[in-house]
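Have a look at the structure below before the remarks.
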Amino acid sequence: MALDILKNPVLLIAVPLLLAFLAVFLKKIDKALLWIAAVANAASAVLLAVVYQGMTVVELGGFKPPFGISLVLDEYSLIGVVVLNVLFALILLLSGKLVKQYATVLLVALAALNGIILTGDLFNLFVFLEIAAIAAYIFTAMDKGFKHSFNYLVVGTLGSGLYLFGIILLYNIFGSLNMFDIRAQLQAIGGAGAETLTLPLVMIFTGLSVEAKLMPFGGWVKGVLHKANSLVGTMIVSGYALAVLLAVGRLMDTVFQMTDAVLIAFTAVAVGTLIFAEASAFSKKNLREILLFSSVAQAGLVVLLFLYGLTVPAVLVLVNNVVSKFVLFTVAGRLAHALETDDIGELKGVFVKVPLVGVGFTVAVMSLIGLPLFFGFVAKINALVGLFNAGNVWLPLIILVMAVVEGAYFVRILTTLWNTGEEGEVSSRDNLKAFNLDGMKGLGVVSVGIAIVIVALGILPVLNIKQFFSVDFMTFVQQLLGGM
Amino acid sequence: MKQVVSILLVVALGVFVFLALYTGDHSPLQFTPYGEADLSTRVSQRFVDKTVTLGMGEAETAPDAQAEADAPAFEAMPALVVYGETRDAETGSANMVTSIVVNYRSFDTLGEVTVLFIAAFGVGLLLSGKRKRQQPAYEPSFILKHGARIVFGIMVVFGVYVFIHGHLTPGGGFPGGSIIAAAILLLYIADNEFQAKVKTFKILEGVAGSLYVIAGLLGLVIGGYFLQNFLPTGVVGDLVSAGVIPIVYILIGLKVGSELTGVIAGFATEEEAE
Amino acid sequence: MIQYVSIALMLVGIYGLLTQKNVIKLIVSLNIFEVGINVFIISVGYVSGGIAPILTSQNNTSALLYVDPLPQALVLTSIVIGVGVTALALAFARRMHKQYGTYNLDEMEGE
């Protein structure tokens, strides 16, 4: 009986929330409470994955949806919950010293991110998005970047307001606020009625694209992240990106019934984000700026895949991006903190001094670009094959071109950071000489650990082609060659 | 130039919204025009009739003779909820909006309480340090100084009345807590040296919030669902009714009052000159 | 009629957010936008001839014609969220003033 209670996904939200309320007046132990919550959540998520038997709907208050609020734990949200909680625990492990007085904020953010992934109710999603956003406004101001956090606050609140407007219009039409109930009603009328949904869907998409970092609404990203430390940066590009994009995917799967014009408009936004962000990343010289633009581009790619119904490839690309960015941004933040710069030219040869970190970083980059033998390759192939099967030729082409651009600037980073150059150049940087290697050891170990996981996930599918690919790879190659 | 572009953008958006909402007939899905909402097509009908849990369960269990004999006949009309007479109704609250806020959609209210909590915490983080009062440009007048002491008591009692009677009258925890915070703001205005004890309010806030989540967890342990109403709901319209709803609203009222007081204290003070 | 007014308020708020440079005016525009949204939400629940959804000794059965209580519950949450965000924004404004000496976003130099 007790185990049944422990298996309830609500605890992923309720426990951090309870500890947050306690932490506000038990100030002395707030960091300990944060650690307890992170570990408990990670363990609970893994437990849920182990005992998972099929879709579970948790009715809150005992009221059946659509009359009550429900949390939905299916494969989709299970992956999200496991990755989110494990990553949060790892973020805390590597950047725990930076928490200072922000323990309560991080506890609330953890609860809210879990809520975003799990919820099946539109208004509940709005509330959790607001909680997570307010926590983000607060902790992004950690290093006195008030102007940028204020900008983020204004744009974020505008986006949430538009999202709320959209879901109220949906309530007006359907009489319900439950995502799955609306999907059932849409299926009952057989896919008609998409014109009426144009206004609500445009509002919802615009509202969510602020938080999901799509351009042109994602202008806040540069200001907030270009000087972020490793705690804040990874929370936003890994934790928040994962939760918000999974929510976008959930909505697109259930509520979005688009006319052709609307689909083209949304595709244009996603593709525009991809192209603009990759081009911006290519032209930047600061490591954190490059990484943040790469995150924006990946967000555009994931939204594009969700738009065309390719849920599995989208989740694969998203998880790959989030895990890689976690490693990359932690390293970038720590380097910037230790050396007080993140200009690539000035970081020349730094990986030679900290090879473990360098190996982890390199593997993460290769996975992000999508080289074979890494997990990113599996994800990207699934995505491209899915788009081809949907009859689309231009989109895979654009994605491939952008992947080449991405590869170019990442390889440039890698060669610079591993490059020793002449002996004189490296040792003339006094900072590098006084570089504290001890703090980096833990980072090195964790990065290499994740690197091993990435490589394992990349190699396994090659051994089991039919099982892991959405299309039989051999038949696909034959079709491609035959079609030419 | 920028203003012209903005005006054009806003007007275009307005035209788009108006066209989408008020013109055209795009069946089969329609925007319900203003004032013509039909509750029976919406989830709210079951909230008004308090019949959400009625008729739950027969769809799950495989029908067999014994179950058919035991289960309530669901052709029967659900009984009307009558003020002062219906006993042990679902939620038991006479105020239907309260029953939604604190019972049917209690999880949203927990989220809302968290929003206010984290916002007040953020204000506390941003405006912290050793505090002394900012001195305004005026001295409080005689009426303000002495009248405030009288009005303060009345305001606090009124605030407490509002959140205790949340299930019977309009209002509830949030307006009640705000009224209490406004009473404390009055004290700040009336006296240039007044400072509220922020530490006490923080403890009150934390305790109230934790008790709300603990009430939810108790619902999980006792009834099997998080935030389930596990106390008996009494007669609709009595002060002691509606199960756990008045308790939750009292907790919310105290929490909101403490949080807003903390925010006011943060803004009314400034750092001591070193 | 009230829906037109609420949409107009939302548009005024958006216009303010696009053009204003003073931090306090931005916060006011944000509030106007939120008021517009909240009034729109309530208006979605209106039933002509309906009464307030509270059982009292006069309106004592649940068979009468009530307005929709659900949007009212949603607005309650939305108002509180708006208050929280406004409080946080004002705290930011105060810290920015201390850091840069001005309330005008254009005059705040630094990165």
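Protein chains in written order, with the numbering used here: chain D, 1 to 484; chain P, 1001 to 1274; chain A, 2001 to 2111. Every residue gets a Cβ at the ideal spot worked out from N, C-alpha and C, and that includes glycine. Treat the numbers as computed from the prediction; the structure is a model and nothing was measured.
Notebook entry, point to check: Does any C-beta atom of chain A lie closer than 8 Å to the C-beta of T140/D?
Noted result: no
Next item on the list: State the start and end residues of the unbroken alpha helix (DSSP H) segment that holds L71/D.
Entry: Run containing L71/D: none in the alpha helix (DSSP H); it sits in the beta strand (DSSP E), S70 to L73.
Check: Any C-beta of chain P sitting closer than 8 Å to the C-beta of V24/D?
Finding: yes
Notebook entry, point to check: Which stretch, first to last residue, makes up the beta strand (DSSP E) that contains V58/D?
Noted result: Counting along the chain, the beta strand (DSSP E) containing V58/D begins and ends at T56 to E59.
Note to self: Against chain P, does Y2103/A count as a neighbour if the rule is that its beta carbon must be under 8 Å from one of theirs?
What the structure shows: no
Check: Given a threshold of 16 other Cβ atoms within 10 Å of its Cβ, counted over all protein chains shown, does V15/D qualify as buried or as exposed?
Finding: When all chains shown are included, V15/D counts as buried.
Check: On the three-state DSSP scale, how would you describe D143/D?
Finding: coil
Margin query: Helix, strand or coil, according to DSSP, for Y1138/P in the structure here?
Written below: coil
Next item on the list: Find the residues of chain P that neighbour G2045/A, judging by a C-beta separation of less than 7 Å, and give them in chain order.
Entry: A1037
Check: What's the gap between the Cα of Q298/D and the Cα of I275/D?
Finding: 10 Å
Next item on the list: Note down, in chain order, every chain A residue with its Cβ under 7 Å from the Cβ of E1112/P.
Entry: T2077, V2080 and I2081
Next item on the list: Output, in sequence order along the chain, the residues in the region 1122-1141 of chain P whose CB is closer than 8 Å to any CB in chain D.
Entry: Those residues of the region 1122-1141 of chain P that come within reach of chain D (Cβ to Cβ, closer than 8 Å) are G1122, L1125 and L1126.
Notebook entry, point to check: Anyone know if the C-beta pair for G2036/A and M2010/A falls short of 8 Å?
Noted result: Yes, they are a contact pair.
Checklist line | Unbroken alpha helix (DSSP H) run spanning K380/D, endpoints | finding: F375 to N389
Next item on the list: Tell me whether V1160/P counts as near the ligand ADP, meaning its Cβ is closer than 7 Å to at least one heavy atom of that ligand.
Entry: No copy of the ligand ADP occurs in the structure displayed, which carries no ligand at all.
Check: For chain P, is any of its Cβ atoms less than 8 Å away from the one on D2106/A?
Finding: no
Notebook entry, point to check: Under the three-state reduction of DSSP, which class applies to I167/D: helix, strand or coil?
Noted result: helix
Notebook entry, point to check: Taking the alpha-carbon positions, what's the E1060/P to L170/D distance?
Noted result: Confidence is the limiting factor: at E1060/P the pLDDT is only 37, short of 50, which leaves the residue's position unreliable, though a coordinate-based value still follows. The alpha-carbon of E1060/P is positioned some 29 Å away from that of L170/D.
Notebook entry, point to check: Would you report the Cα separation of N2104/A and S1006/P, rounded to the nearest angstrom?
Noted result: 19 Å
Notebook entry, point to check: In whole angstroms, what is the alpha-carbon distance linking G376/D and S280/D?
Noted result: 22 Å
Margin query: Does the CB of G2016/A have a neighbour CB from chain D at under 8 Å?
Written below: no
Notebook entry, point to check: Based on Cα-Cα distance, which residue from P200/D, L164/D, S149/D and A188/D lies nearest to I173/D?
Noted result: P200/D
Check: Whose C-alpha, out of V1048/P, L1239/P, S1258/P and L1110/P, is nearest the C-alpha of A1181/P?
Finding: A1181/P has its Cα closest to that of S1258/P, out of V1048/P, L1239/P, S1258/P and L1110/P.
Item checked: Strand pairing of E1270/P, partner residues [DSSP] -> Beta-bridge partners of E1270/P (DSSP): K1132/P.
Next item on the list: Report the neighbours of N2022/A on chain P: residues whose CB is nearer than 8 Å to its CB, in chain order.
Entry: The contacting residues do not exist; N2022/A stays about 14 Å from chain P at best.
Checklist line | Short CB-CB distance (under 8 Å) between S44/D and chain P | finding: Not an interface residue.
Next item on the list: Can you say whether N229/D is buried or exposed, counting buried as having 16 or more other CB atoms within 10 angstroms of its CB?
Entry: buried
Item checked: Segment limits, alpha helix (DSSP H) that includes R2095/A -> P2069 to Y2100
Next item on the list: Can you check DSSP and say which residues form a bridge with I116/D?
Entry: When DSSP reads this structure, I116/D sits in no beta bridge, so it has no partner.
Next item on the list: Assess, as a yes-or-no matter, whether the region 282-294 of chain D is touched by the region 253-261 of chain D under the definition of 3 or more beta carbon pairs within less than 8 Å.
Entry: no
Next item on the list: Pull up the DSSP beta-bridge partners for Y1034/P, would you.
Entry: Y1034/P pairs with nothing; no bridge assigned.
Note to self: Restricting to Cα atoms, I'd like to know which of A2008/A, D2068/A, Q2003/A and F2092/A is closest to V1043/P.
What the structure shows: Of the listed residues, the one whose Cα sits closest to V1043/P is D2068/A.
Check: Which chain A residues sit within Cβ distance under 8 Å of N1095/P?
Finding: P2053, I2054 and L2055
Note to self: So that I know if they touch, is there some Cβ in chain D lying closer than 8 Å to that of V2012/A?
What the structure shows: no
Notebook entry, point to check: What do you get for F1018/P, buried or exposed, if any count of 16 or more other CB atoms within 10 angstroms of its CB means buried?
Noted result: exposed
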